[in-house]
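In the working numbering, the protein residues as written are 27 to 299. Beta carbons: idealized from backbone N, C-alpha and C, even for Gly.
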């Protein structure tokens with residue numbers, strides 16, 4: 027080969043190498059940057075941030091009606107594309123729905139006993155809030171009810187939740203502990219039904235959750251029950267094994283224990299889990 031051709035080949039090779047070096051360096055820099063960004067995002071993102079958007083159905087105890095509407099709106103705002111629909115009822119009714127295969131993604135009950143009876147249908151639950159009972163009396167408290175033993179007065183029409191309902195079970199527990207015999211004029215399917223009877227004047231007093239009674243304003247008078255005579259209601263939340271939106275359901279249940287959700291619950295009068 028001639029010296030001229032040799033020089034041309036050498037120049038061509040040098041130019042090619044010079045062009046390749048910056049390109050390779052740029053690729054390496056881009057990959058490293060992407061890797062660092064991904065690691066940083068992964069480390070700082072909340073557990074629910076990566077969950078896929080979904081339409082969730084949550085079965086929840088009646089006493090959560092008002093606060094969960096607020097919580098659901100907050101969750102949807104923070105998770106665009108996700109829609110949370112609640113179905114409220116007494117915990118025993120919700121348990122029956124789950125056993126019958128109702129299409130839902132998560133369950134929140136007002137007691138651990140009901141949730142424990144659904145181990146075959148739910149994943150591991152976590153307690154998200156607690157509550158206590160109060161005596162709700164008619165407007166103005168005409169019978170001057172001051173304590174639990176006053177409910178034994180036959181002149182006072184007392185309404186309680188049925189014993190298979192969590193709030194009914196708690197009511198029986200605290201009355202039995204104080205050896206107080208109450209003959210209710212009716213036994214209702216959930217706490218909202220008990221409160222409604224008192225609000226409408228169909229009953230003079232009833233045992234309900236503190237958070238429910240607080241929503242009644244001046245329709246009822248709340249009489250506190252001392253802690254040593256009261257019961258603590260625990261609210262466990264769990265995803266359903268039959269959920270078709272397992273990842274999104276798990277993200278919502280996890281969010282219920284987050285600072286944002288806990289503030290919403292505590293602002294509504296629920297106690298810290």
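Of the residues the options, which one's Cα is nearest the Cα of residue i?
i: residue 126; options: 142, 108 and 146; result: 146
i: residue 159; options: 221, 115 and 141; result: 221
i: residue 249; options: 144, 259, 169 and 99; result: 169
i: residue 214; options: 207, 189, 83 and 206; result: 189
i: residue 110; options: 116, 130 and 230; result: 130
i: residue 197; options: 177, 240 and 297; result: 177
i: residue 24; options: 150, 247 and 95; result: Absent from the model: residue 24. The displayed extent of the chain is 27 to 299, so no value can be given.
i: residue 191; options: 290, 155, 122 and 80; result: 122
i: residue 271; options: 238, 183, 108 and 101; result: 108
i: residue 11; options: 255, 254 and 219; result: Because residue 11 is not part of the residues shown, which for the chain are 27 to 299, the question remains open.
i: residue 279; options: 293, 91, 261 and 256; result: 261
DSSP three-state call for residue i: helix, strand or coil?
i: residue 214; result: strand
i: residue 237; result: helix
i: residue 170; result: coil
i: residue 131; result: coil
i: residue 297; result: strand
i: residue 291; result: helix
i: residue 257; result: coil
i: residue 227; result: coil
i: residue 208; result: coil
i: residue 222; result: helix
i: residue 106; result: coil
i: residue 47; result: Any reading at residue 47 is ruled out, since the residue's pLDDT is 38, under 50, leaving its predicted position unreliable.
i: residue 123; result: helix
i: residue 179; result: coil
i: residue 70; result: A caution first: residue 70 carries a pLDDT of 30, below 50, which makes its placement in the model unreliable, though a value can still be read off. If DSSP states are grouped into helix, strand and coil, residue 70 belongs with the helices.
Taking the alpha helix (DSSP H) that residue i belongs to, which residues open and close that run?
i: residue 280; result: 272-281
i: residue 142; result: 138-142
i: residue 78; result: Element bounds for residue 78: n/a, residue is neither H nor E.
i: residue 203; result: 192-203
Since residue i sits in a beta bridge, which residues does DSSP pair it with?
i: residue 262; result: 153
i: residue 250; result: 160
i: residue 85; result: 113 and 133
i: residue 232; result: 162 and 185
i: residue 96; result: In the DSSP output, where bridge partners are listed per residue, residue 96 has none listed.
i: residue 148; result: 266
In terms of residue numbering, what span does the beta strand (DSSP E) encompassing residue i cover?
i: residue 114; result: 109-115
i: residue 187; result: 184-187
So, is the C-beta of residue i closer than 8 Å to a C-beta in chain C?
i: residue 125; result: Going by chain labels, chain C is absent from the structure shown, which holds only one protein chain.
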